[in-house]
Amino acid sequence: MHKTFRGRYLLLNSLCVFAFVAYTGAQNPQHPQPQSNRYAAPSPAAQTEQQNFPPQLLDELAAIKSAALEDDYAYRQVAHLTENIGPRPSGSLQAKAASEYVAAELRHLGLEVRLEEVKVPHWVRGAEAAELVEYAGQVPGTTQKIVLTALGGSTSTPIEGISADVIVVNNFDELKALGRERVAGKIVLFNELFDKQKAAAGMAFMAYGEAVRYRGTGPKAAADLGAAAALVRSVDNADYRLPHTGWSFPAGIPAGAVTAEDAELIAHLAAQGKVRMHLTLTPQKVPDETGFNVIADVKGSEHPEQVVVVSGHLDSWDLGTGAIDDAAGVAIAMETAELLQRLHLHPKRTLRIVAWMDEETGGSGSQTYARDYSAEFSNHVAAIESDAGAAHPLGFDAKMSPKAAEALRPALDVLHSIGANLLRESNYPPGADIAAMSEKGIPALGIMQDGRTYFNYHHTAADTLDKIAPASCAKTPPRWP
Ligand SMILES: [Zn+2]
């Protein structure tokens, strides 16, 4: 079935970056050879740079970059995870199958692989439908359909649904000002806008961070005031009337996300008078399941006890097939190992590929790792996660000391030719699954990618393989008239 891809230069655009820094981290030669230098008096910084990045290492990094640009291994992994296995919500059969698949593939590459058990929540989507049944100017005998989806952790309405008045708030302060008296028994809609201008200007993840807190804690805030149900405006950068699901703090009431268009509709009608909705959401929380983190080592040749973690998360939401979130990240991590094996490169430190389970619904996979491996954290040299899609790589978000960031500069220079040479220092962990390690002081890196369209598809039915453009790694060539 992989024949389809043969002969095309398919690559997962960020893998070159990933493999690259992983290998850099895993090297750091202990006995650098003195380098001849035609400049009379090299500065101490230049000397350190040369010691850390001798010509052989720079050659190897360039070889990794070239090999990554011509390889379709990562793309084939994403294709299998998304199209053959499908959506991989925590606790699902597909999530389990995905763990087994990734483990088998990495064993096939010659890695030491273990599947580590993780207790994961299991929540199953049910029916989801809504319509406005009373509003200003309503044509008798008609209703207005509302497009929505349940948020992870939502409880169920009765099978026949509920009917309640809708109140629209723009923020938590407005909700608080209404008070229990006006909120109790109602359906609360949080109409927080996703800042599309920020996204267009390259700050999509910042826009997401601002808007997503209503999805995260809005339902609980509404429930605390006695609301019958809570809805949020989808955290959404596009205009395709797609609802975006996602995790929400358990609130004990039905909770959903309406499309941005439907949030506008409800807000406009609510400004004209009473709006009443019939809402049916019947998801179920079923017993916890056993899931698996896949942990696979390329043992270091000189310092096997020292570890560089390279990772992505294997679970996904259920609406789409989890291509950009985050089969891409897992495939990028897998490709890192594949490239090193294929090029017969032997990192001095252990390169640990991790495919995390349950990033989306609570993070039990990374929490289990942090619990089981905390004694070894002093030997964790760096932790890397890819969880920002598969668009053009720009460089890295890094939480590490300025000195450590500076030490990576020669590696970044090699990435200049593909435009992935930025290093943006971050005050917060650049990946949910590596947050615990980052907070313990382990240098942490996330791939910084072009995120301008990421939130068009994120957590929707449209997060599918076709959203990954395999050839977007290179810089755009100049256009001539
Ligand atoms: Zn993700």
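In my numbering, the protein residues as written are 17 to 497. Built from N, CA and C at the ideal position, the CB exists for glycine as well. As the structure is a computational prediction, the values presented were derived from the model and not from experiment.
Report the option in Leu164, Glu190, Gly201 whose CA atom is closest to the CA atom of Val182.
In the sequence shown, residue 182 corresponds to position 166, counting from 1. The candidate whose alpha carbon is nearest that of Val182 is Gly201.
Cut-off 8 Å between Cβ atoms - residues of its own chain near Leu167, not counting five sequence neighbours on either side
The count along the sequence shown starts at 1 and reaches residue 167 at position 151. These residues qualify, in order along the chain: Arg231, Pro235, Val248, Thr261, Gly262, Trp263, Ser264, Ala271, Gly272, Ala273.
State the DSSP-derived secondary structure class of Leu77, mapped to helix, strand or coil.
Locating residue 77 in the sequence shown gives position 61, where the first residue counts as 1. Looking at Leu77 - three-state DSSP - the assignment turns out to be helix.
For Glu280 and His360, the rounded distance between their alpha carbons
The residue given as residue 360 occupies position 344 in the sequence shown. The residue given as residue 280 occupies position 264 in the sequence shown. His360 and Glu280: Cα-Cα distance of roughly 56 Å.
So, is Gln93 buried or exposed, given that buried needs 16 or more other C-beta atoms within 10 angstroms?
Reading the sequence shown from its first residue, position 77 is the one you call residue 93. Looking at its Cβ environment, which holds 16 or more other Cβ atoms inside 10 Å, Gln93 is buried.
Please report the straight-line C-alpha distance between Ser332 and Thr296, rounded to a whole angstrom.
Start at 1 with the first residue of the sequence shown, and residue 332 comes out as number 316. Start at 1 with the first residue of the sequence shown, and residue 296 comes out as number 280. Roughly 24 Å separates the two Cα atoms.
Ranges of the beta strand (DSSP E) found wholly within the region 390-455, counting only runs of at least 3
396-401, 409-415, 438-441
Since His294 is in the beta strand (DSSP E), which residue starts that stretch and which ends it?
In the sequence shown, counting from the first residue as 1, residue 294 sits at position 278. His294 -> beta strand (DSSP E) spans 292-297.
Please enumerate, following chain order, all residues with a beta carbon closer than 5 Å to at least one heavy atom belonging to ligand 1.
Asp341, Asp342, Asp403
DSSP three-state assignment for Val163, whether helix, strand or coil:
Reading the sequence shown from its first residue, position 147 is the one you call residue 163. Looking at Val163 - three-state DSSP - the assignment turns out to be coil, as it is neither helix nor strand.
Please list, in chain order, all residues of the same chain as His294 whose beta carbon is under 6 Å from its beta carbon, the five residues on each side excluded.
Indexing the sequence shown from 1 puts residue 294 at position 278. Excluding positions up to five away in sequence, the list reads Glu147, Val149, Gly177, Ser179.
Along the chain, where does the alpha helix (DSSP H) containing His284 start, and where does it finish?
Position 268 of the sequence shown, counting from 1, holds the residue named residue 284. 276-288 is the span of the alpha helix (DSSP H), which, as asked, contains His284.
I need the straight-line Cα distance from Glu455 to Ala414, nearest angstrom please.
Here residue 455 refers to the residue found at position 439 when the sequence shown is read from its first residue. Here residue 414 refers to the residue found at position 398 when the sequence shown is read from its first residue. Between Glu455 and Ala414, the C-alpha separation is close to 13 Å.
Assigned secondary structure, Met373 (DSSP; H/G/I helix, E/B strand, else coil)
Taking the sequence shown and counting its residues from 1, one reaches residue 373 at position 357. Met373 falls in the coil class under three-state DSSP.
So is His475 buried or exposed if we call it buried at 16+ other beta carbons inside 10 Å?
By 1-based counting over the sequence shown, the position of residue 475 is 459. With 16 or more Cβ atoms within 10 Å of its Cβ, His475 is classed as buried.
Thinking Ser172 and Gly142 are a contact (beta carbons under 8 Å), I'd like their distance in whole angstroms, please.
What you label residue 172 is simply residue 156 of the sequence shown in a count that begins at 1. What you label residue 142 is simply residue 126 of the sequence shown in a count that begins at 1. Contact holds; Cβ gap of about 6 Å.
In angstroms, rounded to a whole number, what distance separates the CA positions of Asn186 and Glu226?
Walking along the sequence shown from the start, residue 186 turns up at place 170. Walking along the sequence shown from the start, residue 226 turns up at place 210. Distance between the alpha carbons of Asn186 and Glu226 is about 13 Å.
Which residues in the same chain as Phe69 place their Cβ atom closer than 6 Å to its Cβ, once the five residues preceding and following it in sequence are excluded?
Within the sequence shown, numbered from 1, the residue matching residue 69 stands at position 53. The residues are Pro426.
So, helix, strand or coil for Pro48, using DSSP?
Counting from one through the sequence shown, the residue named residue 48 turns up at place 32. For Pro48, the predicted structure reports a pLDDT of 35, less than 50, and the residue's modelled location is therefore unreliable. A value from the coordinates is still provided. Coil.
Contact between the region 211-219 and the region 460-479: three or more CB pairs below 8 Å?
yes
Anticipated Cβ contact below 8 Å, Val118 with Ala371, distance rounded
Within the sequence shown, numbered from 1, the residue matching residue 118 stands at position 102. Within the sequence shown, numbered from 1, the residue matching residue 371 stands at position 355. With a Cβ gap of about 5 Å, Val118 and Ala371 count as contacting.
Restricting to Cα atoms, I'd like to know which of Leu74, Leu205, Val134, Tyr89 is closest to Arg358.
Taking the sequence shown and counting its residues from 1, the one referred to as residue 358 is at position 342. Nearest C-alpha to Arg358: Tyr89.
Arg54 versus Ala84 - alpha carbon distance:
For the purposes of this step, residue 54 is taken as the residue at position 38 of the sequence shown. For the purposes of this step, residue 84 is taken as the residue at position 68 of the sequence shown. Note on Arg54: pLDDT 41, under 50, position unreliable in the model; the coordinate value appears next. If I take the Cα positions, the gap works out to 33 Å.
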